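A.B. asks: Numbers given in my numbering equal positions in the sequence shown, counted from 1, plus 1.
Each residue gets a CB set at the ideal place from its N, CA and C atoms; glycine is no exception.
Every value quoted in this text rests on a predicted model; they were computed, and no experiment measured them.
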Amino acid sequence: MSSSTSDHLSLGAVMFPWPAKMLRDFYFRIADEGDVDTVYLGEVICSKRSPFLKHYLPEITDRLTKGGKKIVFSSMALVGTADEVREMEALVEKTDGLIEANDVSLVRLLQGKPHHLGPFVNIYNEGALDFLTRLGAEKACLNPELPATVIKELAQKSAIPLEVIVFGRLPISISARCFDARAKGRTKDNCRFACLHHRDGLTISTLENEPFLTVNGMQTLTYGCGNLIQAIPELQQAGIHSFRLSPQSGDMVATASLFRQCLAGQIDATEASTLLASYHPEMPGFANGFLYGQPGHKFITDGPVLNPSPLKKTESA
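1) Assuming residue 165 and residue 143 make a contact with CB atoms under 8 Å, what is their CB distance in whole Å?
2) I need the straight-line Cα distance from residue 68 to residue 15, nearest angstrom please.
3) Classify residue 1 as helix, strand or coil using the three-state DSSP reduction.
4) What do you get for residue 132, buried or exposed, if any count of 16 or more other CB atoms within 10 angstroms of its CB means buried?
5) Please list, in chain order, all residues of the same chain as residue 200 whose beta carbon is under 7 Å from its beta carbon, the five residues on each side excluded.
6) For residue 221, collect the residues of the same chain with a Cβ closer than 7 Å to its Cβ; drop the 5 residues on either side in sequence, then sort them by chain order.
7) Rounding to the nearest angstrom, what Cα-Cα distance links residue 263 and residue 242 in this structure?
8) Report yes if the CB atom of residue 43 is closer than 8 Å to the CB atom of residue 76, and no otherwise.
9) To test your reading of the DSSP string, which unbroken beta strand (DSSP E) runs of 3 or more residues are found completely within the segment 2-33?
10) Identify the residues that DSSP records as bridge partners of residue 172: which are they?
11) Pull up the CB-CB distance for residue 169 and residue 246, whole angstroms please, since I reckon it's below 8 Å.
12) Using the three-state DSSP reduction, which class does residue 1 fall into: helix, strand or coil?
13) Quick check on residue 312: does DSSP put it in helix, strand or coil?
14) Do you know offhand how far residue 5's Cα is from residue 38's?
15) Could you check what DSSP says for residue 187 in three-state terms: helix, strand or coil?
16) What would DSSP say about residue 306, mapped onto helix, strand or coil?
17) Less than 8 Å between the CB atoms is what I'm expecting for residue 146 and residue 291, so what's the real figure, rounded?
18) Are residue 225 and residue 273 close, meaning C-beta to C-beta below 8 Å?
19) Using the Cα positions of residue 293 and residue 156, report the straight-line distance between them to the nearest angstrom.
20) Determine the extent of the alpha helix (DSSP H) in which residue 55 is found, giving its start and end residues.
21) Which one of 120, 55, 267 and 50 has the shortest CA to CA distance from residue 189?
22) On the criterion of 16 or more Cβ atoms from any shown chain inside 10 Å, does residue 125 qualify as buried, or is it exposed?
23) So, for residue 74: in the same chain, excluding its five sequence neighbours on each side, which residues have a beta-carbon less than 8 Å away from its beta-carbon?
24) In angstroms with no decimal places, state the Cα-to-Cα distance between residue 3 and residue 178.
25) Tell whether a beta-carbon distance below 8 Å holds between residue 232 and residue 141.
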């Protein structure tokens with residue numbers, strides 16, 4: 002179902018602790034109905050969750066391949082134990098296809114081999130991008146906190162295609178400690194999968210009881226759902242032609258179809274955002290402030306992203 006245009010739509014790795022059968026059914030539907038070009042597969046956040054995906058991985062990869070999807074295997078975002086080091090070494094040694102490095106330790110292991118760079122590898126300037134490109138990177142998904150002005154500058158000077166996350170809760174940081182386990186009074190080693198009941202993460206509130214962030218095991222994400230659908234034309238003009246959707250528990254097939262229409266200029270951005278909200282009714286609201294160089298929780302609904310004025314009409318997520 003890939004588009005014939007030069008614009009590329011990808012589906013990032015599932016970051017949340019979905020049960021094995023839920024993962025299988027999700028990827029089977031993406032394989033059969035999802036209008037995406039590339040699917041990233043792998044446990045990115047916590048090695049304890051790896052068996053959920055591995056149980057059905059051969060079936061999933063076979064179904065995705067038959068569905069015409071390109072598969073890239075994603076590494077963990079934080080490699081912190083000897084077992085995780087061995088797991089990542091095995092990933093590099095035994096994987097025939099492309100690997101997405103989400104930790105700089107993987108960049109070292111993949112040095113000289115073609116690979117992708119995930120959004121957890123920090124790239125803030127053209128020097129870092131050029132260095133990583135020379136080590137073998139063929140594509141890079143940029144950090145979600147970069148403003149559009151920096152994205153344009155990187156795109157103009159990059160020797161490789163760059164990708165931007167345009168939908169989904171945005172990753173902010175990752176820690177060696179597990180926030181879900183802590184919330185249950187447990188340790189990371191004895192977590193008993195405290196995260197399993199949170200399909201889109203656990204909401205964290207301020208002392209004033211206002212929702213602030215989302216945590217997902219060891220990961221911190223935005224509370225609002227990233228939505229850059231209205232900025233796609235400007236991102237295309239800036240030189241970005243690869244766009245990533247980060248899986249949430251809503252209707253990702255309908256979401257992919259909507260973004261494909263947007264890439265082709267077939268739908269108005271306001272109408273698209275309204276439809277997007279209906280596909281993900283569990284989401285508290287949208288956010289795009291980072292792209293405008295403003296606080297990330299804001300959702301800015303008018304004005305250009307490449308020449309933003311100081312005052313914008315905003316909504317807090």
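C.D. replies: For this structure:
1) Position 164 of the sequence shown holds residue 165. Position 142 of the sequence shown holds residue 143. In this structure residue 165 is in contact with residue 143, their Cβ atoms being roughly 6 Å apart against a cut-off of 8 Å.
2) The sequence position of residue 68 within the sequence shown is 67, counting from 1. The sequence position of residue 15 within the sequence shown is 14, counting from 1. Rounded to whole angstroms, residue 68 to residue 15 spans 19 Å at the Cα level.
3) Because the chain here runs from 2 to 318, residue 1 falls outside it and cannot be looked at.
4) Position 131 of the sequence shown, counted from the first residue, corresponds to residue 132. Residue burial annotation: residue 132 is exposed, with fewer than 16 other C-beta atoms found within 10 angstroms of its C-beta.
5) As a working note, residue 200 is residue 199 in the sequence shown. Cβ neighbours of residue 200 beyond the five flanking positions: 17, 19 and 250.
6) The residue you call residue 221 lines up with position 220 of the sequence shown. The beta carbon of residue 221 sits closer than 7 Å to the beta carbons of 173, 174 and 214 from its chain, once the five residues preceding and following it are set aside; these are given in chain order.
7) In the sequence shown, residue 263 corresponds to position 262, counting from 1. In the sequence shown, residue 242 corresponds to position 241, counting from 1. Using only the alpha carbons, I get a separation of about 12 Å.
8) Residue 43 sits at position 42 when you count from the first residue of the sequence shown. Residue 76 sits at position 75 when you count from the first residue of the sequence shown. Pairing residue 43 with residue 76 gives a Cβ-Cβ distance under 8 Å.
9) Within the segment 2-33, the runs of beta strand (DSSP E) at least 3 residues long that lie entirely inside it are, in chain order, 9-12.
10) Locating residue 172 in the sequence shown gives position 171, counting from the first residue. Under DSSP, residue 172 forms a beta bridge with 222.
11) What you label residue 169 is simply residue 168 of the sequence shown in a count that begins at 1. What you label residue 246 is simply residue 245 of the sequence shown in a count that begins at 1. Indeed they touch by this definition, with Cβ atoms about 6 Å apart.
12) Nothing in the structure corresponds to residue 1, since the chain is present only between 2 and 318.
13) For the purposes of this step, residue 312 is taken as the residue at position 311 of the sequence shown. Low local confidence applies: a pLDDT of 48 at residue 312 is under 50, so the model's placement there is unreliable, with the coordinate-based value given in what follows. Residue 312 falls in the coil class under three-state DSSP.
14) In the sequence shown, the residue the question calls residue 5 occupies position 4. In the sequence shown, the residue the question calls residue 38 occupies position 37. Since pLDDT at residue 5 reaches only 36, below the 50 mark, its modelled position is unreliable, and no value is offered.
15) As a first step, residue 187 is located in the sequence shown; it is residue number 186 there, counting from the start. Coil.
16) Stepping through the sequence shown from its first residue, residue 306 is reached at position 305. In the structure shown, the three-state DSSP call for residue 306 is coil.
17) Counted from its first residue, the sequence shown places residue 146 at position 145. Counted from its first residue, the sequence shown places residue 291 at position 290. Indeed they touch by this definition, with Cβ atoms about 5 Å apart.
18) Counting from one through the sequence shown, the residue named residue 225 turns up at place 224. Counting from one through the sequence shown, the residue named residue 273 turns up at place 272. Result no, Cβ atoms of residue 225 and residue 273 do not sit closer than 8 Å.
19) The residue given as residue 293 occupies position 292 in the sequence shown. The residue given as residue 156 occupies position 155 in the sequence shown. Approximately 17 Å between the Cα atoms of the pair.
20) Here residue 55 refers to the residue found at position 54 of the sequence shown. Unbroken alpha helix (DSSP H) run through residue 55: 51-55.
21) If you number the sequence shown from 1, residue 189 lands on position 188. It is 50.
22) Against the sequence shown, residue 125 aligns to sequence position 124. It is exposed - the Cβ of residue 125 has fewer than 16 other Cβ atoms within 10 Å.
23) Residue numbering aside, residue 74 sits at position 73 when the sequence shown is read from its first letter. Closer than 8 Å at Cβ, skipping near neighbours: 41, 42, 43, 92, 96, 98, 99, 100 and 101.
24) Within the sequence shown, numbered from 1, the residue matching residue 3 stands at position 2. Within the sequence shown, numbered from 1, the residue matching residue 178 stands at position 177. Confidence at residue 3 is low in this model, with a pLDDT of 36, below 50, so its placement is unreliable and the value that follows should be read with caution. C-alpha separation (whole angstroms): 39 Å.
25) As a position in the sequence shown, residue 232 is number 231, starting the count at 1. As a position in the sequence shown, residue 141 is number 140, starting the count at 1. Contact: no.
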